[in-house]
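Protein chains: 2
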Amino acid sequence: MLNQHQKPPLIHTQTGKGPILPAICLAAMLGAGLGQGAAHAAGRTMTDVLEAAKPSDWRPIDPANTLYMDISSGRVIIELAPQFSPKHADNIRALVREGYFEGLAITRVQDNFVVQWSDPKNARTPRTAKRTLPAEFTRSAKGLPFTALPDPDTYAPQTGFVDGFPAARDSEAGTAWPVHCYGMVGAGRDNDADSGGGTELYVVTGHAPRQLDRNITVVGRVVQGIELLSALPRGPAPMGFYDKPEQNVTISRIRVAADVPPSERIALEALRTDTTTFTDLIESRRNRRDEWYKVPAGHIDVCNVPLPVRVGSTSSSAAHP
Amino acid sequence: MLNQHQKPPLIHTQTGKGPILPAICLAAMLGAGLGQGAAHAAGRTMTDVLEAAKPSDWRPIDPANTLYMDISSGRVIIELAPQFSPKHADNIRALVREGYFEGLAITRVQDNFVVQWSDPKNARTPRTAKRTLPAEFTRSAKGLPFTALPDPDTYAPQTGFVDGFPAARDSEAGTAWPVHCYGMVGAGRDNDADSGGGTELYVVTGHAPRQLDRNITVVGRVVQGIELLSALPRGPAPMGFYDKPEQNVTISRIRVAADVPPSERIALEALRTDTTTFTDLIESRRNRRDEWYKVPAGHIDVCNVPLPVRVGSTSSSAAHP
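So the sequence lines, in the order shown, correspond to chains V and G. Following numbering that gives the first Met the number 0, the numbering of the first sequence begins with 0 at its first residue and continues without gaps. Following numbering that gives the first Met the number 0, the numbering of the second sequence begins with 0 at its first residue and continues without gaps.
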């Protein structure tokens, strides 16, 4: 009785949840989650909001902050977050440029938690980059554009968005930090707070492990290809590690998009999070307007707010008009 | 620098996150996430709590409320929640017993959202069971044992646990309902609130889509084998549907454990959620005690509280002493 022409549970468009589609496809995908004749009297749906978005509501994702990670099943694209972890961003770029990650592997896939890659032999030493860096767990909230959510959060005094990243802040302490939502990328470390640096990275692939917030350096977010990581076979060893070398998923290479010839880049655009369009989008998801929902939630978790990404008009003929 | 003998990000033991191990293995798995020489001065870790648990802290999962769903990669085990949805539990048992699900298929795998199964041809009609039932979205909170969390929640006035299920309640309205955490199972429906009934079921395999709470009938929880669902290839069509019949994952059969000869049953036990042991476990996760954590979270989301399940002593020689 429920097929792709009907709806529930309703489509849940989360950034990086599948192949990034041209805007026209994105609209079609959203539409597929809404019934024919749905009543929108009480407000606008996300489709309505995205269809009304202006070109200036989208920002190009900076190629200098973009990583292409290639594995046999395809490409994972990560946007770095130098707003929060500038030293790690620099070091990860240096690691990438010296080829540190080439031939390394995904060695850990823990269900409802993380996918992680590193040197399985623990033998490689960075040549130009650093192995460890001082922690960048939080930063000053001063001067940081922060689109705040009005909703209560279990873990932080306030949550919201900074330049496209889900974040939290503590006005009393004057600090802000990225939060561990699905798709966020962090730098693994040992017990010492300053023992990370980017040689090992993990991606959140389960319910937001918010207890990690302010305990580890978040370095970015997967903006395309998360499903290549989240659908990997789970590791059978403790903590989701693979227990046989042949299970490891080899990373053929990681590159900074800025180092790739422009003609070979994928011109991704992310919906800006400091606009009224984004505020409208949040509201469209806080209280769903279609016929399927009987009780609008009235609230939204920072990790349930979609962060749309599309292929930009410079690289796609199907761009949004 | 980070391997399985070291730790971060720390193990995140969530029910149904992997093969259920005998208790002795469960302890070993937890131990692997804790460093040698970790200081526990401030309190007990989850390992400490589970090691000190009494046999009476565990409850056998009732075979009458247990479903074995077999797919080619293995078995998924679901505990029904008749406390919340008694009519749906009865109807799902009836559907199972008339063989309704045999040969049906998983047709939808949407990244960071749900895995769903149904009749791909939409041609099968229940013989003894009903196709639709009145909604069981919420129930009276009266008389319901409720282990409340003290932590603020984004969506509900209060969250906690009822008989092993994550739940919420509204004391003013006098209602309670199960919440859509990772691994929860619900009955798909069309726009009409009373259009579900159990012929189509979905499992949450992403960040808790709490906007579904009170909008759809939750029927249970996956207690073993969730990784057989969560690691399935994502569907390429809108809403994560497979677009070719050969992508569908066939369900060879679903049975009620009570209908299986006792010698062939898997005697699962769940940690009771109405005990001081469970309250201690919550606290051990609210504020992590090992050396890795620098800033204890001070709070915990209802969907981040582990709900341990083990193979009981009646079926395993490796049971916890």
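Ideal Cβ positions, reconstructed from N, Cα and C, are used throughout, including at glycine. This one's a predicted model, so the numbers in the text were calculated from it and none came from an experiment.
From the DSSP output, in three-state form, read off residue i for me.
| i | result |
| --- | --- |
| glutamine 35 of chain G | With a pLDDT of only 28 at glutamine 35 of chain G, under the threshold of 50, the placement of this residue in the model should not be trusted, and no figure is reported. |
| phenylalanine 164 of chain G | strand |
| aspartate 277 of chain V | Contrary to the premise, residue 277 of chain V reads as phenylalanine rather than aspartate in this sequence. In this structure, phenylalanine 277 of chain V counts as helix in the three-state DSSP scheme. |
| threonine 272 of chain G | coil |
| valine 304 of chain V | coil |
| arginine 96 of chain G | helix |
| proline 151 of chain V | coil |
| arginine 309 of chain V | strand |
| threonine 46 of chain G | helix |
| glutamine 246 of chain V | helix |
Between the Cα of residue i and those of the options, spot the shortest distance and give me the residue it belongs to.
| i | options | result |
| --- | --- | --- |
| proline 295 of chain G | V:Asp300, V:Val304, V:Arg213 | V:Arg213 |
| phenylalanine 234 of chain G | G:Gly102, G:Gln115, G:Gln157, G:Arg264 | Position check: residue 234 of chain G holds glycine in this sequence, whereas phenylalanine was assumed. Checking every option, the nearest Cα to that of glycine 234 of chain G belongs to G:Gln115. |
| glutamate 282 of chain V | V:Arg96, V:Val217, V:Pro149 | V:Pro149 |
| proline 81 of chain G | G:Pro177, G:Arg74, G:Arg271, G:Asp69 | G:Pro177 |
| glycine 75 of chain V | V:Asn190, V:Thr124, V:Ser251 | Note that residue 75 of chain V corresponds to valine in the displayed sequence, not to glycine. Closest by alpha carbon: V:Ser251. |
| tryptophan 291 of chain V | G:Ala192, G:Ile91, G:Ala266, G:Gln246 | G:Ala192 |
| aspartate 162 of chain G | G:Thr127, G:Ser71, G:Thr153, G:Ala175 | G:Ala175 |
| glutamine 109 of chain G | G:Thr276, G:Asp242, G:Ala147, G:Ile70 | G:Asp242 |
| valine 304 of chain G | V:Arg209, V:Val222, V:Glu268, V:Thr249 | V:Arg209 |
| isoleucine 60 of chain V | V:Thr276, V:Asp289, V:Phe277, V:Arg264 | V:Arg264 |
| serine 84 of chain G | G:Thr146, G:Val248, G:Ala266, G:Val217 | G:Val217 |
| phenylalanine 277 of chain G | G:Ser170, G:Asp169, G:Gly159, G:Asn190 | G:Gly159 |
| glycine 102 of chain V | V:Gly42, V:Pro232, V:Pro119 | V:Pro119 |
| asparagine 286 of chain G | V:Tyr154, V:Ser55, V:Arg96, V:Arg58 | V:Tyr154 |
| arginine 96 of chain V | V:Lys129, V:Leu143, V:Ala207, V:Arg168 | V:Lys129 |
| arginine 43 of chain V | V:Arg284, V:Leu79, V:Asp300 | V:Arg284 |
| phenylalanine 112 of chain V | V:Ile77, V:Leu231, V:Asp89, V:Ala51 | V:Leu231 |
| cysteine 180 of chain V | V:Pro261, V:Ala167, V:Pro260, V:Gly187 | V:Ala167 |
| threonine 272 of chain V | V:Val222, V:Gly185, V:Phe164, V:Leu49 | V:Phe164 |
| tyrosine 144 of chain V | V:Ile299, V:Val301, V:Thr274 | According to the sequence displayed, residue 144 of chain V carries proline and not tyrosine. Considering only alpha carbons, the answer is V:Thr274. |
| glycine 219 of chain V | V:Ala186, V:Glu171, V:Ala257 | V:Ala186 |
| valine 222 of chain G | G:Ile77, G:Ala207, G:Ala63, G:Lys53 | G:Ile77 |
| alanine 63 of chain V | V:Ile225, V:Pro244, V:Ala93, V:His206 | V:Ala93 |
| valine 355 of chain G | G:Glu50, G:Leu227, G:Ala172 | Not covered by the structure: residue 355 of chain G. The range shown for chain G is 0 to 320. |
| isoleucine 105 of chain V | V:Arg123, V:Ile91, V:Arg138, V:Ile70 | V:Ile70 |
| histidine 298 of chain G | V:Ala88, V:Lys53, V:Pro151, V:Gly197 | V:Pro151 |
| arginine 328 of chain G | G:Leu211, G:Ser262, G:Glu50, G:Lys293 | Residue 328 of chain G lies beyond the stretch modelled for chain G, which goes from 0 to 320, so this question has no answer here. |
| glutamate 171 of chain V | V:Asp56, V:Ala140, V:Gly182 | V:Ala140 |
| aspartate 47 of chain V | V:Pro237, V:Leu306, V:Val310, V:Asp289 | V:Asp289 |
| valine 184 of chain G | G:Ser194, G:Asn190, G:Gly173, G:Thr204 | G:Thr204 |
| alanine 88 of chain G | G:Leu200, G:Ala236, G:Lys293 | G:Leu200 |
In the DSSP assignment, what residue or residues form a beta bridge with residue i?
| i | result |
| --- | --- |
| methionine 68 of chain V | V:Val75, V:Ile253 |
| valine 259 of chain G | DSSP, once it has assigned bridges, lists no residue as partnering valine 259 of chain G. |
| phenylalanine 240 of chain V | V:Arg107 |
| glutamate 57 of chain G | Reading off the sequence, residue 57 of chain G comes out as tryptophan, not glutamate. According to DSSP, which records beta bridges pairwise, tryptophan 57 of chain G is partnered with G:Leu270. |
| glutamine 157 of chain V | V:Arg168 |
If I'm right that residue i touches residue j with Cβ under 8 Å, what's the distance once you round it to whole angstroms?
| i | j | result |
| --- | --- | --- |
| isoleucine 215 of chain V | phenylalanine 136 of chain V | 7 Å |
| arginine 58 of chain G | alanine 269 of chain G | 6 Å |
| leucine 280 of chain G | methionine 68 of chain G | With a Cβ gap of about 28 Å, leucine 280 of chain G and methionine 68 of chain G do not count as contacting. |
| leucine 79 of chain V | isoleucine 253 of chain V | With a Cβ gap of about 12 Å, leucine 79 of chain V and isoleucine 253 of chain V do not count as contacting. |
| lysine 86 of chain V | proline 133 of chain V | 7 Å |
| valine 308 of chain G | leucine 267 of chain G | 6 Å |
| asparagine 90 of chain G | glycine 224 of chain G | Wrong, their Cβ atoms sit about 23 Å apart, outside the cutoff. |
| arginine 138 of chain G | phenylalanine 240 of chain G | Wrong, their Cβ atoms sit about 32 Å apart, outside the cutoff. |
Could you list which residues in chain C have their beta carbon closer than 8 Å to that of residue i, in chain order?
| i | result |
| --- | --- |
| arginine 287 of chain V | Absence of chain C from the displayed structure is noted, the protein chains being V and G. |
Query raised in the report: At which residue ranges does the stretch 165-238 of chain V contain complete alpha helix (DSSP H) runs of 4 or more residues, listed in the order of the chain?
Result: Here the runs fully enclosed are 225-229.
Requested in this report: Could you name each continuous beta strand (DSSP E) segment of 3 residues or more that falls completely within the stretch 113-140 of chain G, going from the start of the chain to the end?
Outcome: Listed in chain order, they are 113-117.
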